[in-house]
Structure formats: C-alpha cells, structure tokens
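To convert, note that position 9 of the sequence shown is 9 in this note's numbering; the numbers rise steadily by one, no gaps. Every residue, glycine too, gets a C-beta built ideally from N, C-alpha and C.
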Amino acid sequence: GGVRVPATFISITRVACLLPPARSAWKGADAVVSLCVEERGGGGECKATVTYFESALPPRISAVKPRLLPLGDATPVSLIGSNLAPTGEDLVCRFGEKSAPTLARFVK
1 GGVRVPATFI SITRVACLLP PARSAWKGAD AVVSLCVEER GGGGECKATV TYFESALPPR
61 ISAVKPRLLP LGDATPVSLI GSNLAPTGED LVCRFGEKSA PTLARFVK
C-alpha cells in the first residue's frame, strides 16, 4: 500500500520528497503516517513518520500537565490534545482570557 512519490537526491545523507495530500483515512487525531525510503528494486527502511494535521480546525486540548502550579513561579506546562502542530510564532498559549499570549514551544 501507500503512495509512491519521486525522491530528489540532494547529497549522500539527504533526499527530498514532496509529500502527497493527506488521504481521508489519514486525517484526524491519528494522522501519523510512516515514511519510507527505498530503491526501485526493493531494499529500504520505514523508520520515520510524518504527522498530517487539519489546518482549518483549531487545536483541541484534552489534558494539561501539571494541573496544580505553585503561585509566583514560572512553570512549564504541557498541553496534550489533537491538531497541535509546529506552526512557529502562530502557536501560542494564553493563560486566562485577558492575558497576553505566550509563544508556545512544539515538543513532539
């Protein structure tokens, strides 16, 4: 199965591929798709993954860790959910309705 696309050789340690549009079966919270590199005659490996996300949908939060924070300390907080993506400066956290947004850091 899968979708085959041409690879562009860049160097002995780098190849570029244009990923196809996500299939409907790939969409949703479990949109992690394996990425393989192989030669036409076979031989290769599938140790990488890519994650498709629905850019038209907002991020959804299902859990926050830790849930209890000490007063007066700046504490890192992890948000777990779906449709979270490394969108650079567009990804921010807001604490309270009127606070200034804080730049979020995409972890994985």
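query	result
Could you tell me which of Ala7, Leu69, Leu84 sits nearest to Phe95, measuring between CA atoms?	Leu69
Inspect the beta-carbon positions of Val50 and Val33 and report whether they are closer than 7 Å.	yes
Find out if the Cβ-Cβ distance for the pair Gly41, Ser62 is shorter than 7 Å.	no
According to DSSP, which residues form a beta bridge with Cys109?	There is no way to answer for residue 109, as the model of the chain reaches only from 1 to 108.
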